[in-house]
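Residue numbers (the numbering used here): 212 to 595.
First up is the structure itself, then whatever we jot down about it.
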Ligand code: SF4
C-alpha cells in the first residue's frame with residue numbers, strides 16, 4: 212500500500228456555550244478558563260511533537276520501502292472541534308507553528324472551524340499569516356428564533372460581521388454550515404436561510420438534517436414533548452429545496468450533504484470519504500492509517516498527563532474495508548467506478564439498481580435522487 216499523502220485532524224474540545232443538540236466531545240468554557248486552554252494546548256503540542264515526527268516526512272522527501280511510502284506527507288489539515296476559535300489566537304497560532312515544523316506540502320489545504328462571534332480582524336489576520344487557507348463557519352440558520360431553539364449563542368449579525376471580516380482578511384475559501392429540520396422550522400424559514408446565504412456567495416455550503424442524539428437537552432425536550440421536529444416529509448422537502456436552490460445558484464452537489472463552487476470541494480473531507488489515511492491529534496481524536504482505526508483517550512485528565520497511546524485499535528478485515536469503500540464512496544455524488552466495486556457486491560448493486568436507488572452511468576455506480584433520500588437503507592445493504 213502506498214500513501215504519498217495523508218491528512219491531519221486536530222481536535223479542540225472547547226466551546227463558548229454548549230448547543231442543545233450537540234454530543235461532540237467538547238466542553239463549555241468561559242473566558243476565565245484560559246489556563247485550561249493553555250494546558251490543553253501544551254499537551255496537544257507534546258503529542259504532535261512525540262507522534263508527528265515519526266509519522267510524517269519533510270517537504271520534498273519521500274521515504275519508500277519498496278513501493279511503500281512509510282512516512283506519508285501531509286496534504287490537508289483540518290482543525291475542528293469544539294470551536295477551535297474559542298482558543299485565544301496566540302494558542303491557535305502556536306499549534307499552527309508546530310504543524311509547520313512538522314512539514315507542509317506546497318498547496319496544502321488548512322481548514323479551521325470557527326463559530327460566529329469568535330473572530331476579529333486581528334484573529335483572522337493571524338490565521339492568514341499562519342497559513343490557514345479555508346474557514347468553516349458554523350452558522351446553522353439565519354433565523355434568530357431557530358438559533359435560540361437550539362441554543363446557539365451567536366446572532367446572524369455576529370455571523371455577517373465575521374464573514375465580511377474574513378473576506379477583508381483575504382479568505383477566499385469559506386464554508387458555511389447550515390442545518391435543516393430544526394424544531395419549529397418551516398419550509399419558508401429554510402428557503403430564506405438558503406437565499407440569504409447564497410446571496411453572500413461563500414465557496415462551500417454544508418446542509419445537514421438535524422439528527423437528535425441521546426443524552427442531549429434536545430433529546431430530552433423531544434422526549435417530554437416540549438418541542439417537535441418537522442415531519443420526515445418536510446425534512447425531505449427541505450433537502451430537495453437545498454439541492455434545487457444551491458445547484459441553481461451554481462454550487463455543485465458533490466456529497467450527500469455538501470455543495471461547493473467548482474474546485475472548492477473540501478479536499479480533507481473528500482479524502483476521508485475516499486479512505487485516504489488521516490492522523491488525528493487531541494482529546495478523543497480518531498485516526499485511520501488505511502488498515503486500522505484508533506482513537507485517543509477521551510479523558511481530559513489522562514490526556515493532560517501525557518497519555519497519547521492509541522485506544523480501541525480496530526484492525527479492519529477485508530470485509531470491513533470493502534463495506535467502507537462502498538458506503539463512503541457512495542456518499543460522493545460521482546459514485547464509485549464500476550471497476551472498483553468489490554466482486555462480492557455485484558449482485559447487491561444490481562438489486563439496488565432494480566429498486567431505483569442506484570444507477571450505473573459513465574462507468575460509475577452512484578445514488579439516484581431516490582437513493583439519496585434512502586441512503587441509509589442503501590448503505591445497510593452493503594453491511595451484510
Ligand atoms: S459549537 Fe459545535 S461543537 Fe460546540 S457545542 Fe455547538 S455544535 Fe457542539
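Ideal placement from N, C-alpha and C gives every residue a C-beta, glycine not left out.
{"query": "Residue 325, buried or exposed, once every other Cβ within 10 Å from all chains shown has been counted against 16", "result": "buried"}
{"query": "Cβ-based neighbour list, residue 559, same chain, cut-off 6 Å, excluding 5 preceding and 5 following", "result": "592"}
{"query": "Residue of 369, 428, 509 and 458 minimising C-alpha distance to residue 437", "result": "428"}
{"query": "Any non-hydrogen atom of ligand 3 closer than 7 Å to residue 235 Cβ", "result": "Inclusion of ligand 3 in the displayed structure is not the case, the ligand content consisting of ligand 1 alone."}
{"query": "Three-pair Cβ contact test at 8 Å for the segment 463-472 versus the segment 524-540", "result": "no"}
{"query": "Inside the segment 362-436 only - beta strand (DSSP E) runs reaching at least 3 residues", "result": "385-391 and 415-420"}
{"query": "Length of the line joining the Cα atoms of residue 270 and residue 307", "result": "Unreliable positioning characterises residue 270 in this predicted model, as indicated by a pLDDT of 48, which lies under 50. The coordinate reading is nonetheless provided below. Between residue 270 and residue 307, the C-alpha separation is close to 16 Å."}
{"query": "Alpha-carbon to alpha-carbon, residue 231 and residue 275", "result": "Low confidence applies to residue 275: its pLDDT is 48, below 50, so where it sits in the model is not reliable, and the reading given next is rough at best. Going from the Cα of residue 275 to the Cα of residue 231 covers about 48 Å."}
{"query": "Below-8 Å beta-carbon distance, residue 366 vs any chain B residue", "result": "Here there is only one protein chain, and chain B is not present."}
{"query": "Cβ pair residue 379, residue 332 closer than 8 Å", "result": "yes"}
{"query": "Secondary structure of residue 472, DSSP reduced to three states", "result": "coil"}
{"query": "Among 484, 530 and 291, nearest to residue 556 - alpha-carbon criterion", "result": "530"}
{"query": "Distance between residue 411 and residue 213 (C-alpha atoms, nearest Å)", "result": "Low confidence applies to residue 213: its pLDDT is 40, below 50, so where it sits in the model is not reliable enough to give any reading."}
{"query": "Residue 311, buried or exposed, once every other Cβ within 10 Å from all chains shown has been counted against 16", "result": "exposed"}
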